[in-house]
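Participant: Going letter by letter, the sequence shown gives residues 365 to 561 in the numbering used here. Glycine is no exception: its CB is placed at the ideal position from the N, C-alpha and C atoms.
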Amino acid sequence: MPDAVADGPRERDSLPPSDYGLLVPDGWFRIPLEPDGWKGPVRALAERVFEGQDDAVLLKREFTRAVLARAEEGYENGGVELYISTTSVGPVPLSASLLVTVVPAEEDVRLRAKGRSQQITEVDLPFAGPATMRRTRSVPDAGDPTGNLLPVTVVDYAVRVPNTRAVLLLTFSTSLDPFADAMVEMFGAVAQSLHWR
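1. Applying the 10 Å Cβ sphere with the 16-neighbour rule, what's the burial state of Glu562?
2. Only counting the same chain, and skipping five residues up and downstream in sequence, which positions put a Cβ closer than 6 Å to that of Phe543?
3. Determine the extent of the alpha helix (DSSP H) in which Arg407 is found, giving its start and end residues.
4. For Met550, which residues of its own chain have a beta-carbon under 6 Å away from its beta-carbon, when the five flanking residues on both sides are left out?
5. With distances taken from CA atoms, which of Val554, Gly493, Gln556 and Thr517 is nearest Asn527?
6. What first and last residue would you give for the alpha helix (DSSP H) that runs through Pro445?
7. Please report the distance separating the alpha-carbon of Pro381 from that of Leu422.
8. I'd like to know whether the C-beta atoms of Pro504 and Asp541 end up nearer to each other than 8 Å.
9. Tell me which residues share the same chain as Val564 and place their Cβ nearer than 7 Å to its Cβ, disregarding the 5 neighbours each side in the sequence.
10. Assuming the contact rule is C-beta atoms closer than 8 Å, Trp402 and Ala435 should be a hit. Round their C-beta distance to whole Å, please.
11. The beta strand (DSSP E) with Glu486 in it runs from where to where?
12. How many Å lie between Ile448 and Thr485 at the Cα?
13. Using CA coordinates, which residue listed in Ser461, Val456 and Ala546 is at the minimum distance from Asp520?
14. Once you ignore the five residues that flank Lys424 on each side, which residues in its own chain have a CB closer than 7 Å to its CB?
Shown next as structure tokens:
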């Protein structure tokens, strides 16, 4: 007769995780991407960002519209949560975001390099296992709907969900081009905190 205590951990180890956890920097605002569930958090984010700026009504409205569009786009592509940095160093906002996406098993999420502006690296996340990291730098088109004209650095981490064929994709981005390397280090620290529950 099999020993239930001895078999328990092996059986649990073969089950997929039910959730994941991440540690993000202080000042990062979480927006859950659930149908019609992001409007309230986006408004709360706008209130926080523009607190005390009564003369910035148009900027606040544009900011809200851009974040709502980002949340909707993220949700349409399988996103489950979006984090936006509200941190500043002096007068300079630390422009950064993180979109967490669950990619179903049937979709191809192999990260490939295209051109010299991309780097692909295999990394090992201490609590989540092996991952593929891709760093990309791009310059937005003049007609970018967000109005951003600054170069954007994007870092993707593709991590296989244990005991499934699904992939968890962490997509970090920043438009702080002069500080891109420091921001990428911070993104790496957040990715290193990923753990399964």
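Facilitator: Let's see:
1. Beyond the ends of the chain as shown, which are 365 and 561, falls residue 562; an answer cannot be given.
2. In the sequence shown, residue 543 corresponds to position 179, counting from 1. Closer than 6 Å at the Cβ level, and outside the excluded window around Phe543, lies no residue.
3. In the sequence shown, counting from the first residue as 1, residue 407 sits at position 43. Counting along the chain, the alpha helix (DSSP H) containing Arg407 begins and ends at Lys403 to Val413.
4. The count along the sequence shown starts at 1 and reaches residue 550 at position 186. So the list is empty, once near-sequence residues are dropped.
5. Translated into positions along the sequence shown, residue 527 becomes position 163. Among Val554, Gly493, Gln556 and Thr517, the Cα nearest to that of Asn527 is on Gly493.
6. Within the sequence shown, residue 445 is the residue found at index 81, counting from 1. Just to set this straight, residue 445 is Glu in the shown sequence, not Pro. Run containing Glu445: none in the alpha helix (DSSP H); it sits in the beta strand (DSSP E), Gly443 to Ser449.
7. As a first step, residue 381 is located in the sequence shown; it is residue number 17 there, counting from the start. As a first step, residue 422 is located in the sequence shown; it is residue number 58 there, counting from the start. Taking the straight line from one Cα to the other gives about 44 Å.
8. In the sequence shown, the residue the question calls residue 504 occupies position 140. In the sequence shown, the residue the question calls residue 541 occupies position 177. Cβ atoms of Pro504 and Asp541: not closer than 8 Å.
9. Missing from the structure shown is residue 564; the chain here goes from 365 to 561 and no further.
10. As a working note, residue 402 is residue 38 in the sequence shown. As a working note, residue 435 is residue 71 in the sequence shown. Contact flag correct, Cβ pair sits at about 4 Å.
11. Residue mapping note: residue 486 aligns to position 122 of the sequence shown, counting from 1. Counting along the chain, the beta strand (DSSP E) containing Glu486 begins and ends at Gln482 to Leu489.
12. Locating residue 448 in the sequence shown gives position 84, counting from the first residue. Locating residue 485 in the sequence shown gives position 121, counting from the first residue. When rounded, the distance between both Cα atoms is 25 Å.
13. Within the sequence shown, residue 520 is the residue found at index 156, counting from 1. For the residues Ser461, Val456 and Ala546, the minimum Cα distance to Asp520 belongs to Ser461.
14. Translated into positions along the sequence shown, residue 424 becomes position 60. Taken in chain order, the residues that qualify are Ala410 and Phe414.
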